[in-house]
Amino acid sequence: MDNDYIISLVEQGKRIDGRKFDEIREIVLEPNISKNAEGSARCKIGDTEVLVGVKMDIGEPYPDSPDEGSIVVTTELSPIASPEFELGPPGVQAIEIARIVDRGIRESKAIDFKKLVITSGEKCWILFIDIYPINDSGNLIDASALGTLVALKNTRYVKEENNKAVFGEFTNKKLELEKTPITITFVKIGNNILLDPNSKEEEVAEARLSAAVYNGRIYALQKVVKMGKEDFERLRYNPIEIAKLEYDEGVLPITIKRPLPSKK
Numbered sequence: 467m468d469n470d471y472i473i474s475l476v477e478q479g480k481r482i483d484g485r486k487f488d489e490i491r492e493i494v495l496e497p498n499i500s501k502n503a504e505g506s507a508r509c510k511i512g513d514t515e516v517l518v519g520v521k522m523d524i525g526e527p528y529p530d531s532p533d534e535g536s537i538v539v540t541t542e543l544s545p546i547a548s549p550e551f552e553l554g555p556p557g558v559q560a561i562e563i564a565r566i567v568d569r570g571i572r573e574s575k576a577i578d579f580k581k582l583v584i585t586s587g588e589k590c591w592i593l594f595i596d597i598y599p600i601n602d603s604g605n606l607i608d609a610s611a612l613g614t615l616v617a618l619k620n621t622r623y624v625k626e627e628n629n630k631a632v633f634g635e636f637t638n639k640k641l642e643l644e645k646t647p648i649t650i651t652f653v654k655i656g657n658n659i660l661l662d663p664n665s666k667e668e669e670v671a672e673a674r675l676s677a678a679v680y681n682g683r684i685y686a687l688q689k690v691v692k693m694g695k696e697d698f699e700r701l702r703y704n705p706i707e708i709a710k711l712e713y714d715e716g717v718l719p720i721t722i723k724r725p726l727p728s729k730k
């Protein structure tokens, strides 16, 4: 599809998929898609689809935070998701997605890392969050962040023996989330701001802003592509009521599929 045609449509107040500028595509969430992972989820936003897995292991706290556990977020972009992606080490986009997801969790304090400590300065739980997009139809950032949130909400601790994790054996203890922030992404095309861009809109966008929000507060912002202060403020304080777009309140157009039986 010609880029000029997409831009022309936007100038007329239209989008190629028929949505309004402030309309999110349908979201489908499916928790517990893996019986082997401590936590897992599938997130679909329109035709964009992402799988997320959480594994827990025991390691040593960082020297500057001896009373805290930690998280490690990685994203793997493969040709399965898009012919634009190549096999090999993580590229710029994969690293960016992982960092945005990581920042949303850390800056909002969604997880109390002190609760992940086993022995101060010696042993702690480390959460390994792996993000696997399997179809990129635009806005992988929001799908990855929301999929991660759902996976974490359904994460169970594995058994611990002699300061070692016993993989495959789960306890009844679930990971506690202090907050449930979601990440929402906007793009600027011409003088218009669009929520939840599809892949074609991403190609022609002049700027992009992703915000991690919870309870009416913005905890993290990530802007891409050079933009002036005025444009940045328009994206940050646009007329869309982002404070309402919260997973807990069910305002988003979300369908939750029946999860697998609880791990035992």
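Just so you know, the sequence shown maps onto residues 467 to 730 in this note's numbering.
A virtual CB, placed ideally from N, CA and C, is assigned to each residue, including glycine.
If you're wondering where the values come from, they're calculated on a predicted model, not measured in any experiment.
Could you check what DSSP says for residue i in three-state terms: helix, strand or coil?
{"i": "N638", "result": "strand"}
{"i": "T646", "result": "coil"}
{"i": "D596", "result": "strand"}
{"i": "S665", "result": "helix"}
{"i": "N469", "result": "helix"}
{"i": "I499", "result": "coil"}
{"i": "R491", "result": "coil"}
{"i": "I584", "result": "strand"}
{"i": "L726", "result": "With a pLDDT of 47 at L726, under the threshold of 50, the modelled position of this residue cannot be trusted; read the value that follows with caution. The answer is coil: DSSP assigns L726 none of H, G, I, E or B."}
Pull the bridge partners of residue i from the DSSP assignment, please.
{"i": "G505", "result": "V520"}
{"i": "F551", "result": "Partner(s): none; F551 has no beta bridge."}
{"i": "G525", "result": "C590"}
{"i": "R485", "result": "Note: R485 sits in no beta bridge, so no partner."}
{"i": "F771", "result": "The question about residue 771 has no answer, for the chain in this structure spans 467 to 730."}
{"i": "S536", "result": "I592"}
{"i": "L543", "result": "According to DSSP, L543 bridges with nothing at all."}
{"i": "S628", "result": "Before going further, note that residue 628 is Asn rather than Ser in the sequence given. For N628, which the question treats as bridged, DSSP gives no partner whatsoever."}
{"i": "K510", "result": "V494, E515"}
{"i": "A680", "result": "The sequence shown places Tyr at residue 680, not Ala. Beta-bridge pairing links Y680 to R683."}
{"i": "R622", "result": "K640"}
Going by the beta-carbon positions, is the gap between residue i and residue j smaller than 8 Å?
{"i": "N664", "j": "G613", "result": "no"}
{"i": "N601", "j": "D513", "result": "yes"}
Need the endpoints of the beta strand (DSSP E) that residue i sits in, please.
{"i": "Q688", "result": "683-690"}
The alpha helix (DSSP H) spanning residue i covers which residue range?
{"i": "L606", "result": "606-619"}
{"i": "G570", "result": "558-574"}
Nearest chain B C-beta to residue i closer than 8 Å, yes or no?
{"i": "G484", "result": "In summary, chain B is missing from the structure at hand, where a single protein chain is found."}
Between the region 569-584 and the region 522-538, do at least 3 Cβ pairs fall closer than 8 Å?
-> These segments touch.
Does the count of Cβ pairs from the region 594-610 and the region 626-642 closer than 8 Å reach three? The region 594-610 vs the region 626-642: no contact.
Touch test, the region 614-623 against the region 511-531, Cβ-Cβ under 8 Å, three pairs minimum: Yes, the region 614-623 is in contact with the region 511-531.
Problem - Contact the region 665-682 vs the region 494-509: 3+ CB pairs below 8 Å - result: No, the region 665-682 does not touch the region 494-509.
| query | Given 8 Å as the limit, is there contact between the region 658-672 and the region 474-489, that is, 3 or more CB pairs closer than that? | reply | Yes, the region 658-672 touches the region 474-489.
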